[in-house]
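Residue 316 is where the sequence shown starts when you use our numbering, and the numbers rise one by one after that.
Heads up, the beta-carbon is just placed ideally off N, CA and C, and yes, glycines get one too.
Nothing here was measured: the structure is a model prediction, and the numbers come from that model.
Note sheet for the following structure.
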Amino acid sequence: MSESRIVLVFAVAAILVTALMLFRNRALGGKALAAVLVSTLAVGGFLFATLGPP
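Structure follows, in structure tokens:
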């Protein structure tokens with residue numbers, strides 16, 4: 316796995332952990348959490364696919 320993909324995995328994990336902690340502390344609602352999860356996974360998946368070997 317390339318270095319850029321590894322960095323992307325850590326960035327996506329950090330965003331998801333932060334969103335889950337905000338939800339747990341009731342600073343983020345259920346709909347907002349769902350929006351964060353869907354958008355982060357969609358963008359992360361797209362970038363992961365495009366950062367592959369040519």
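Given this structure, state the Cα-to-Cα distance separating residue 335 from residue 348, to the nearest angstrom. 7 Å
CB residue 337 to CB residue 343, shorter than 7 Å? yes
Compute the Euclidean distance between the alpha carbons of residue 365 and residue 329, then round it to the nearest angstrom. 20 Å
Would you mind stating whether residue 327 and residue 367 have Cβ atoms separated by less than 7 Å? no
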